[in-house]
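Following our numbering, the numbering of the sequence shown begins with 965 at its first residue and continues without gaps. We put the beta carbon where it would ideally sit given N, CA and C, even for glycine.
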Amino acid sequence: MKQISNYEKAKKIADSIDREIIEVLKSKRSFCVEAGAGSGKTHSLLNVINWLEENASSYDKAVACITYTNVAVDEIKERISTSSAIIPCTIHAFAWEAIKRFQKDLIVSLNSLELFNCFSQEEIESINKVNYTLGTRHIEDSIMYLHHDDVIEIFALFLNKIKFRKLLSQKYSLILIDEYQDSSRIIMEKFLEFFINQNKGPQFGLFGDYWQTIYSLDKVCGEIKSENIVEIKKKSNFRSQEIIVEVLNNIRPELPQISAINENDGEVLVILTNNYLGPRIPKGYYKDELPDLILHDYILNVFAELKKRGWGAKEETTKIFMLTHKMLSKQQEYSNLLEVLENGLKEQTDPHVNFFNNYLEPIYYSLSENNASLLFEILGTNRQPLEARGKKLEWKKLYKGLDVSRKKQIYDVLKCAYESKLIPISDKILSNFISYEKGEADPKINRLYQVKYSEVINALTFFNENSIYATNHGVKGAEYENVFMVMGKGWNNYRFENILYKKENELSGKQLESFIRNRNLFYVGCSRAKKRLAIMITIPVEKDFVEYLQDVFGKENIVEYSELVKI
């Protein structure tokens, strides 16, 4: 009798889950597809899209499909007909489409949300229209141009109005949300309160994984709970070999997966440094961490040893995830930036870092390549930003300005972006920038704005996908043949060694928040590996954490550095 392969087993389960999703969809009940790492979430979402296309008569109104990026929007558009009732969009596009016709209410809402703070009374009184801009919030020709995030706040405010909710319900039969866990918390709370929990309005279909919530946990919704949501768990893993999936199942026993990968030549390994007898860093963020030079040597030596164990194949990709990189920042020449921003840089949560990474540098690159379609994608707009001749000249001027200012300080780059009015700048950055220009900024902003912008470029280059190094925050959604994760100190919000081994149901308040933050980042890091996973703990760890590691990885897969590296 022919033996069934891993792939055949996993595919059979996955197909069964996809059929279950369609049955719940047909029942008109709201549902949440909890898709663990590598489980094929996008495949299931597209399967729903295909079913909706083939059964258009099942829904008499529009279907919104809210995705995280414009790339995903375009992918869905390619799969549907021009007459389709399915409307793929980002949350910003969805929200603006819903509120833009209520001009009088929009003008009133601006005051209640305190969006007038930066404008004169004369400017405020002149407003007769509200529009949505890609750049900074401003008033021009009696039109108030909203900033990117204003749209979300106003949409959430409008959801409090019963008339608005009725109109939304009249337009949409179904609202699909991809990567639901990273959706705005305020909007998801309104959807739950007014629609899902009351069994009113549109049906909702959520796709994502709350264990992969690692960004701005206070602003995104994370886990969603409601008696009116049918939970559907995807239990196949099409990314990782069985040995990696076993680790993930030990971390997350409530969502066991089976591997769809037939090969079984993978490896897991945990390297401890408890036997290191030399001096460690005595205090501060890096207390108990290995000294810089020792840490550097340990990383290189372990990586060399891993290569001997088969990690060096050309066709394979290897990524080193850093949970401590003070020493590496010196090598890569961004130590001043790290010193000022600390966790904000390491966790990529500082608004300045996000602005440079998500907008300014990609925009500069697209302009340098004269790539209008890339610029269009970065800005997240449905219209070409270079259409009019006047706009072309403005973008050309911005490019020349950035070309000069990027060789100076951070302040010079922000000044160039601010004066252009072409790039969306958050309120937090605007407030800091204006305070700095007035000489009223706090000491941290003064120091930050005087750092050479070249350090920003170096840091972002270090974090980008082409570098062998990365932070766990920077690799969500990615996958690599081999992952070498370095876990140590220097992260204010992360104390893996003190909390991962605890029981979630025994925690509450700040401890529970800390547990979820640490657990999710650990899970995301481990689940990027397709074939091999190695973790080096660069601080001394106590018995409870060692026992947790033994339970997750197997006692036989845990070694001391001195046992692995023979020098």
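- Hey, could you find the ends of the alpha helix (DSSP H) TYR1525 is sitting in? Walking along the sequence shown from the start, residue 1525 turns up at place 561. First-last of the alpha helix (DSSP H) with TYR1525: 1525-1528.
- What did DSSP end up calling CYS1380 once you bin it into helix, strand or coil? Counting from 1 along the sequence shown, the entry for residue 1380 is found at position 416. CYS1380 falls in the helix class under three-state DSSP.
- At 3 residues or longer, and completely inside the region 1187-1268: list those beta strand (DSSP E) runs for me, N to C. 1193-1198, 1231-1236
- Query: Should the region 1401-1410 be called in touch with the region 1447-1467, which here means at least 3 C-beta pairs below 8 Å?
  - Reply: The region 1401-1410 makes no contact with the region 1447-1467, as fewer than three CB pairs between them are under 8 Å.
- Give the straight-line distance between the Cα atoms of LYS1198 and ILE1222, rounded to the nearest whole angstrom. Residue mapping note: residue 1198 aligns to position 234 of the sequence shown, counting from 1. Residue mapping note: residue 1222 aligns to position 258 of the sequence shown, counting from 1. When rounded, the distance between both Cα atoms is 10 Å.
- Query: Whose CA, out of SER1008, LYS1251, TYR1329, LEU1132, lies closest to the CA of GLU984?
  - Reply: Working through the sequence shown from its first residue, we reach residue 984 at position 20. Considering only alpha carbons, the answer is SER1008.
- Going along the chain, which residues of its own chain have a beta-carbon closer than 7 Å to the beta-carbon of PHE1083, five neighbours each way excluded? The residue you call residue 1083 lines up with position 119 of the sequence shown. Same-chain partners within the cutoff: ILE1103.
- Query: Contact check, GLY1172 vs ILE1207 under 8 Å by CB: the rounded distance?
  - Reply: Start at 1 with the first residue of the sequence shown, and residue 1172 comes out as number 208. Start at 1 with the first residue of the sequence shown, and residue 1207 comes out as number 243. That belief does not hold up - the Cβ atoms of GLY1172 and ILE1207 are roughly 26 Å apart, past 8 Å.
- So what does VAL1027 bridge to, in DSSP terms? Along the sequence shown, one-based indexing puts residue 1027 at 63. VAL1027 is bridged to ILE1050, LEU1138.
- Task: Can you tell me which of ALA1120, LYS1402, GLY1365 puts its alpha carbon nearest to the alpha carbon of GLU1153?
- Result: Residue numbering aside, residue 1153 sits at position 189 when the sequence shown is read from its first letter. By alpha-carbon distance to GLU1153, the top candidate from ALA1120, LYS1402, GLY1365 is ALA1120.
- Status (buried if at least 16 other CB within 10 Å, exposed otherwise) for SER1147: By 1-based counting over the sequence shown, the position of residue 1147 is 183. SER1147 comes out buried.
- Count the other CB atoms within 10 Å of the CB of GLU1524; is the residue buried (16 or more) or exposed (fewer)? Numbered from its first residue, the sequence shown carries residue 1524 at position 560. Label assigned to GLU1524: exposed.
- Task: Measure the beta-carbon distance from ALA1224 to LYS975 and round it to whole angstroms, keeping in mind my assumption that it falls under 8 Å.
- Result: On the sequence shown, position 260 is the one that residue 1224 refers to. On the sequence shown, position 11 is the one that residue 975 refers to. 7 Å between Cβ atoms; contact.
- Message: Only counting the same chain, and skipping five residues up and downstream in sequence, which positions put a Cβ closer than 6 Å to that of PHE1122?
- Response: Start at 1 with the first residue of the sequence shown, and residue 1122 comes out as number 158. Spatial neighbours of PHE1122 in its own chain (CB-CB distance under 6 Å, excluding positions within 5 residues in sequence) are listed in chain order as ILE1063, PHE1128.
- Message: Counting beta carbon pairs with one atom in the region 1367-1382 and one in the region 1315-1330, are three or more of them shorter than 8 Å?
- Response: yes
- Item | Beta-carbon separation (whole angstroms), TYR1465 vs PHE1509, contact threshold 8 Å | Counted from its first residue, the sequence shown places residue 1465 at position 501. Counted from its first residue, the sequence shown places residue 1509 at position 545. Right, the Cβ-Cβ distance comes to about 5 Å (below 8 Å), so this counts as a contact.
- Counting only runs that start and end within the region 1109-1163, where is the alpha helix (DSSP H) found for 4 or more residues in a row? 1114-1122, 1126-1135, 1149-1155
- Query: To which residues does DSSP link GLY1473 through a beta bridge?
  - Reply: Residue 1473 sits at position 509 when you count from the first residue of the sequence shown. The secondary-structure analysis by DSSP pairs GLY1473 with nothing; it has no beta-bridge partner.
- Message: I need the DSSP call for PHE1460, collapsed to helix, strand or coil.
- Response: Here the question's residue 1460 lines up with position 496 in the sequence shown. Residue state, collapsed to three classes: helix.
- Query: Cα-Cα, which of ASN1265, SER1021, VAL1211 is closest to GLY1518?
  - Reply: What you label residue 1518 is simply residue 554 of the sequence shown in a count that begins at 1. Considering only alpha carbons, the answer is VAL1211.
- Item | Span of the alpha helix (DSSP H) around TYR1323 | Position 359 of the sequence shown holds residue 1323. Neither: TYR1323 is in no alpha helix (DSSP H) and is coded neither H nor E.
- Task: Name the two residues that bound the continuous beta strand (DSSP E) containing TYR1512.
- Result: The sequence position of residue 1512 within the sequence shown is 548, counting from 1. Where TYR1512 is concerned, there is no enclosing beta strand (DSSP E), although the alpha helix (DSSP H) it sits in stretches over 1507-1517.
- Message: Could you check whether the region 1255-1270 touches the region 1300-1308, counting it as contact only if at least three pairs of C-beta atoms, one from each stretch, sit closer than 8 Å?
- Response: no
- Query: In whole angstroms, what separates the C-alpha of GLU1419 from that of GLU1401?
  - Reply: Position 455 of the sequence shown, counted from the start, is the residue given in the question as residue 1419. Position 437 of the sequence shown, counted from the start, is the residue given in the question as residue 1401. If you take the alpha carbons of GLU1419 and GLU1401, they lie about 22 Å apart.
- Closer than 6 Å by C-beta to THR1313: which residues in its own chain qualify, once you throw out the five before and the five after it? Chain order, please. Numbered from 1 along the sequence shown, position 349 holds the residue referred to as residue 1313. So no residue of the chain qualifies.
- Task: Entirely within the region 1060-1099 and at least 4 residues each: give me those alpha helix (DSSP H) ranges in chain order.
- Result: 1067-1076, 1085-1090
- Cutoff 7 Å; reference LEU1513; Cβ partners in own chain excluding five residues on either side: Working through the sequence shown from its first residue, we reach residue 1513 at position 549. If we look at LEU1513 and ignore the five residues flanking it on each side, its Cβ neighbours are VAL1234, ILE1522.
- Message: On the DSSP letters alone, give me the boundaries of the alpha helix (DSSP H) that SER1616 sits inside.
- Response: Residue 1616 lies beyond the range of the chain shown here (965 to 1531); nothing can be said about it.
- Message: Comparing C-alpha positions only, which one of GLU1445, LEU1010, VAL997 sits nearest to GLU1187?
- Response: Position 223 of the sequence shown, counted from the start, is the residue given in the question as residue 1187. When each option's Cα is compared against that of GLU1187, the closest is VAL997.
- Query: For GLY1248, is the classification buried or exposed, using 16 other Cβ atoms within 10 angstroms of its Cβ as the cut-off for buried?
  - Reply: Reading the sequence shown from its first residue, position 284 is the one you call residue 1248. GLY1248 should be labelled exposed.
- Message: Quick check: what's the CA-CA separation for ILE968 versus VAL1209?
- Response: For this step, residue 968 is matched to residue 4 along the sequence shown. For this step, residue 1209 is matched to residue 245 along the sequence shown. Computed Cα separation, rounded: 18 Å.
- Taking buried to mean at least 16 other C-beta atoms within 10 Å of its own C-beta, is GLU1018 buried or exposed? Locating residue 1018 in the sequence shown gives position 54, counting from the first residue. Label assigned to GLU1018: exposed.
- Tell me the DSSP bridge mates of ASN1446? By one-based count along the sequence shown, residue 1446 stands at place 482. Bridge partners of ASN1446: THR1282, ARG1496.
- Query: Under the rule that 16 or more other beta-carbon atoms within 10 Å means buried, what is ASN1346, buried or exposed?
  - Reply: In the sequence shown, counting from the first residue as 1, residue 1346 sits at position 382. Summary for ASN1346: the model assigns pLDDT 47, below 50, so the residue's position carries little reliability; its value from the coordinates is reported in the next sentence. Label assigned to ASN1346: exposed.
- Message: Do PRO1052 and THR1031 count as a contact pair if the criterion is CB distance below 8 Å?
- Response: What you label residue 1031 is simply residue 67 of the sequence shown in a count that begins at 1. What you label residue 1052 is simply residue 88 of the sequence shown in a count that begins at 1. A contact, by the Cβ cut-off of 8 Å.
- Please confirm whether PHE1168 and ILE1141 have their CB atoms less than 8 Å apart. Start at 1 with the first residue of the sequence shown, and residue 1168 comes out as number 204. Start at 1 with the first residue of the sequence shown, and residue 1141 comes out as number 177. Going by C-beta atoms, PHE1168 is nearer than 8 Å to ILE1141.
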